[in-house]
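Asks: Chains as they are written, first to last, in my numbering: chain E, 77 to 360; chain H, 914 to 1204.
Think of the CB as a built atom: it goes at the ideal place given N, C-alpha and C, for glycine as much as any other residue.
Since we're looking at a predicted model, the values are computed, not measured.
1) Just checking, does the region 1049-1065 of chain H make contact with the region 1108-1115 of chain H on the three C-beta pairs under 8 Å criterion?
2) Starting from residue 176 of chain E, find everything on chain H with Cβ-Cβ shorter than 8 Å and list it in chain order.
3) Return the chain-ordered list of same chain residues with a C-beta closer than 7 Å to the C-beta of residue 192 of chain E, the five sequence neighbours on each side being excluded.
4) Please confirm if the region 214-227 of chain E is in contact with the region 303-315 of chain E, defined as three or more CB-CB distances below 8 Å between the two stretches.
5) Residue 277 of chain E by DSSP, collapsed to three states: which one?
6) What residues match up with residue 316 of chain E in a beta bridge as DSSP calls it?
7) So for residue 144 of chain E, helix, strand or coil by DSSP?
8) Which value, in whole angstroms, describes the spacing of the CA atoms of residue 359 of chain E and residue 1147 of chain H?
9) Mind pulling the chain H residues with CB within less than 7 Å of residue 268 of chain E?
10) Against chain E, does residue 1047 of chain H count as a neighbour if the rule is that its beta carbon must be under 8 Å from one of theirs?
11) Quick one: is residue 104 of chain E near chain H, going by C-beta distance under 8 Å?
12) What is the rounded straight-line gap between the Cα of residue 1043 of chain H and the Cα of residue 1080 of chain H?
13) Tell me which residues share the same chain as residue 1151 of chain H and place their Cβ nearer than 6 Å to its Cβ, disregarding the 5 neighbours each side in the sequence.
14) With distances taken from CA atoms, which of E:208, E:347 and E:295 is nearest residue 147 of chain E?
15) Report the residues of the region 1130-1153 of chain H with a CB closer than 7 Å to any CB of chain E, ordered along the chain.
16) For residue 1027 of chain H, which option in H:1065, H:1092 and H:1126 has the closest C-alpha, if you only look at C-alpha atoms?
17) Would you mind reading off the limits of the alpha helix (DSSP H) that contains residue 1063 of chain H?
18) What does residue 322 of chain E reach in chain H if we use C-beta pairs closer than 8 Å?
19) Please classify residue 939 of chain H as buried or exposed, where buried requires at least 16 neighbouring CB atoms within 10 angstroms.
20) Is the beta carbon of residue 188 of chain E closer than 8 Å to that of residue 1137 of chain H?
21) Name the residue from E:318, E:219 and E:175 whose alpha carbon lies nearest to the alpha carbon of residue 132 of chain E.
22) With DSSP as the reference, label residue 343 of chain E as helix, strand or coil.
23) When Cβ atoms are compared, which residues of the region 182-211 of chain E fall closer than 7 Å to chain H?
24) Answer yes or no: does any C-beta atom of chain H fall closer than 8 Å to that of residue 315 of chain E?
25) Strictly below 8 Å CB to CB, what residues from chain E border residue 1020 of chain H?
26) With distance defined between alpha-carbon atoms, name the residue in H:971, H:941, H:1011 and H:1070 nearest to residue 1149 of chain H.
27) Counting only Cβ pairs nearer than 8 Å, list the residues of chain E close to residue 930 of chain H.
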């Protein structure tokens, strides 16, 4: 009874926090959706139309851009987790010098994404450090193209470098909750290193792995600055294409269509993730 | 004699323990070296590029610049807006942190301590600024801001940065409020504690570690926020990220960009070593571990 009386007051107290976020994000989602159908248009007349959608869907560039962004999102999320997982396992056990190692590893977390992009560009550009060293060592005869390359390795590399500590922090917490007893029991029953890794650590850390993968995907898929610095000229990432569409061509309505596609894809991936997480947790 | 006798008696598990410890030390050393290269070399390259002497340019076959000078630093401070951008960045960030703390506090308290219907959905809504692709929000929020006369204004930028830092603040502080044992509050109430005393002696001390972590996250987010600042603030207001972006776009000037990059990351790295002990992984994991 007491609770019910307060509920309205409680909801009102949510206004400055949740309400603030909902107002700004909600209005921008609404505007994106409305403009993609030609409503609330800032250029030209406002009237309901499907022509923007038709124009975007028919353009070959849109499909290429979407596929490229998806590819970058998936590769970045898998790559970061693959790099971070062994480190997280290592951090589970104490040892001398771990504190210092932890500080060094966290440095990229504090380096802004754009700076990280610049730092890595110095390494992987056509005449950058990696190519110079490999040429000196006679491992390659010609400098390799790693920046603004067609495939997007430069983007993936920057994403991994920048987000490794972020993912590591999440993975470390989920691995720390695995108890020694479980591992000792497995050892007593004759489990080797590999089966401990794949049948205890990986399944028990799965919620953490999934969350970090999804957060990485969202970051890498919707990113703008890293794509525009290190991404290929063609296909441009979908967020870059949307920005060009709006600011360079002043086709705000078509940019809105691209925006809706980005939002829908992101939400779809999150939904798929939450279904998968339920599935994984159901097995326990 | 006694020493040798003890050595002979050393049981097997002690030896194994020693061997294990040595193995871990070697492994730590290995990871430290790998990380020093992984993190150190990119930073070292930027330092070298920022010290290139314009009279003796550094070009491809040379592994190191032929001579060093501070000419690039002088140039950047003399002819670009970096000083003003630094001021803008570091005046927006504390305001945004403060505003996101004040605005989120009631939410944190309710979400952490009260049972209300729909809490799960609210926790998801809170994550929207992180989930939503930055450029989409930036482009279309700029239209909303323009309607309210907030675009190209300092207050608009503070609001935008507050919005981006809020998810971290709310998630971390909600977890902090949740972890206060109800017994403590009940005991205080039984002993006649007023609301003011409860806030001063229970809530504030117990959420302090979380508050620090949340403030650090919000601060970092504000310092490196690019999308919204780029769309809403440029060209009236430039922050360090937007200046750096302008050096990396059509006219890519590597030496200037490295100066700006170093200016941008040095305070952050100093902050890392100052605040590292507050930045326990449990906060981030507890706040973002569940969607």
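Replies: So, to answer that:
1) no
2) Counted from its first residue, the first chain places residue 176 of chain E at position 100. 945, listed in chain order.
3) Locating residue 192 of chain E in the first chain gives position 116, where the first residue counts as 1. Answer for residue 192 of chain E: 184, 234, 237 and 238, listed in chain order.
4) yes
5) Along the first chain, read from residue 1 onward, the residue named residue 277 of chain E stands at position 201. DSSP places residue 277 of chain E in helix when its eight states are reduced to three.
6) Here residue 316 of chain E refers to the residue found at position 240 of the first chain. Looking at the DSSP assignment, residue 316 of chain E forms no beta bridge with any residue, so it has no partner.
7) On the first chain, residue 144 of chain E is found 68 positions in, with the first residue counted as 1. Residue state, collapsed to three classes: helix.
8) Counting from one through the first chain, the residue named residue 359 of chain E turns up at place 283. Counting from one through the second chain, the residue named residue 1147 of chain H turns up at place 234. Its pLDDT being 49, under 50, residue 359 of chain E is placed unreliably in this model, and the value from its coordinates should be taken loosely. Going from the Cα of residue 359 of chain E to the Cα of residue 1147 of chain H covers about 51 Å.
9) Along the first chain, read from residue 1 onward, the residue named residue 268 of chain E stands at position 192. Within 7 Å Cβ-Cβ: nothing; residue 268 of chain E doesn't reach chain H, min ~17 Å.
10) Residue numbering aside, residue 1047 of chain H sits at position 134 when the second chain is read from its first letter. It does: the Cβ of residue 1047 of chain H has a partner Cβ on chain E nearer than 8 Å.
11) The residue labelled residue 104 of chain E in the question sits at position 28 within the first chain. So yes, residue 104 of chain E belongs to the interface.
12) As a working mapping, residue 1043 of chain H is identified with position 130 in the second chain. As a working mapping, residue 1080 of chain H is identified with position 167 in the second chain. Roughly 7 Å between the two C-alpha positions.
13) Along the second chain, one-based indexing puts residue 1151 of chain H at 238. Contacts found: 994 and 998.
14) Mapped onto the first chain, residue 147 of chain E falls at position 71. The candidate whose alpha carbon is nearest that of residue 147 of chain E is E:295.
15) 1133, 1136, 1137, 1139 and 1140
16) Along the second chain, one-based indexing puts residue 1027 of chain H at 114. Looking at the Cα atoms, H:1092 is the closest of the given residues.
17) As a working mapping, residue 1063 of chain H is identified with position 150 in the second chain. No alpha helix (DSSP H) contains residue 1063 of chain H, which DSSP labels as neither H nor E.
18) Numbered from 1 along the first chain, position 246 holds the residue referred to as residue 322 of chain E. Near residue 322 of chain E (Cβ distances below 8 Å), the residues of chain H are 1052.
19) The residue labelled residue 939 of chain H in the question sits at position 26 within the second chain. Exposed is the call here.
20) Within the second chain, numbered from 1, the residue matching residue 1137 of chain H stands at position 224. Within the first chain, numbered from 1, the residue matching residue 188 of chain E stands at position 112. Yes, the pair counts as a contact, with Cβ atoms nearer than the cut-off.
21) Along the first chain, one-based indexing puts residue 132 of chain E at 56. Residue 132 of chain E has its Cα closest to that of E:318, out of E:318, E:219 and E:175.
22) The residue labelled residue 343 of chain E in the question sits at position 267 within the first chain. Reduced to three states, the DSSP call for residue 343 of chain E is helix.
23) 182, 183, 184, 186, 187, 188, 189, 190, 191, 194, 195, 196, 198, 199, 203, 205 and 208
24) In the first chain, residue 315 of chain E corresponds to position 239, counting from 1. Closer than 8 Å to some Cβ of chain H, the Cβ of residue 315 of chain E qualifies, so yes.
25) For the purposes of this step, residue 1020 of chain H is identified with residue 107 of the second chain, where counting begins at 1. Within 8 Å Cβ-Cβ: 89, 90, 92, 93 and 94.
26) Here residue 1149 of chain H is taken as the residue at index 236 of the second chain, counted from 1. With distances taken between Cα atoms, residue 1149 of chain H lies closest to H:1070.
27) Within the second chain, numbered from 1, the residue matching residue 930 of chain H stands at position 17. Going along chain E, no residue has its Cβ under 8 Å from residue 930 of chain H, so there is no contact; the nearest lies around 12 Å.
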